[in-house]
Amino acid sequence: MELGMSKEYLTNKEAAKRVLEEAGTPLKYRDIYRRARENGYLPPPDKEKRKTPAATLRTEMGRHEDIFVRISTSTYALVEWGLHKQETKTDELLLKSTSDSGRVDIVQKSLELVTQKKQIILFGPPGTSKTWYAKIIGMRLASTIDGVEKSTKFRDASWIDDHLEIVQFHPSYSYDG
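Just add 327 to the spot in the sequence shown (first one is 1) and you have the working numbering.
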């Protein structure tokens, strides 16, 4: 390159498309940006701008639904790969102090949801049995998967600790990758 000539960079759209084509697999938008920078497709970040370059790339990818498809919260793929947008339908179960029959209904509905969606979030104020529901749902699922018979094993804390993992998170945090 001759002195005084500036390097020509790709647009965000072109850079993201090229990175995804090279990777051949869906990537998180931050990884797309990082690879585009490493490969020289995008200019160095402008320190004066308020919005991060990765966030700008993500916004622009969202505007080109004919090229990019968001398959999860922060992961993108190319439409031509035939992948589809993640379904984000939410079914809510009201967790509150309920009678025994109400608890059975909640457990049954939760089992139906988790077999369809593979994951559920139990949300509710303190003291509404979220942990109890999580353990019961996990044990019921484990009994169908592991062939474990409904027995006193379900009431055994060591069996629960060995076979289930319950994750607690705070709803005000961001979970974008």
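Glycine included, each C-beta is placed from N, C-alpha and C at the ideal position.
Does residue i pass the burial test, meaning 16 or more other C-beta atoms within 10 Å, or should it be called exposed?
i, result
"Asn-366", "exposed"
"Thr-386", "exposed"
"Thr-402", "buried"
"Arg-362", "buried"
Check residue i in the structure and name its three-state DSSP category.
i, result
"Lys-462", "helix"
"Tyr-336", "coil"
"Ile-354", "Checking the sequence shown, residue 354 turns out to be Leu, not Ile. Three-state result, Leu-354: strand."
"Arg-390", "coil"
"Tyr-403", "strand"
"Glu-341", "helix"
Rounding to the nearest angstrom, what Cα-Cα distance links residue i and residue j in this structure?
i, j, result
"Leu-347", "Ile-394", "11 Å"
"Ala-382", "Ile-359", "11 Å"
"Gly-351", "Ile-463", "41 Å"
"Pro-372", "Arg-364", "9 Å"
"Trp-459", "Lys-436", "15 Å"
"Pro-453", "Ala-461", "14 Å"
"Leu-449", "Ser-399", "20 Å"
"Arg-390", "Val-396", "10 Å"
"Tyr-336", "Glu-392", "22 Å"
"Gly-465", "Ile-447", "11 Å"
Is the CB-CB distance between residue i and residue j below 9 Å?
i, j, result
"Pro-380", "Leu-369", "yes"
"Leu-405", "Asn-339", "no"
For my contact list, residue i and residue j are in at a C-beta cut-off of 8 Å; report their separation, rounded to the angstrom.
i, j, result
"Met-388", "Ala-343", "5 Å"
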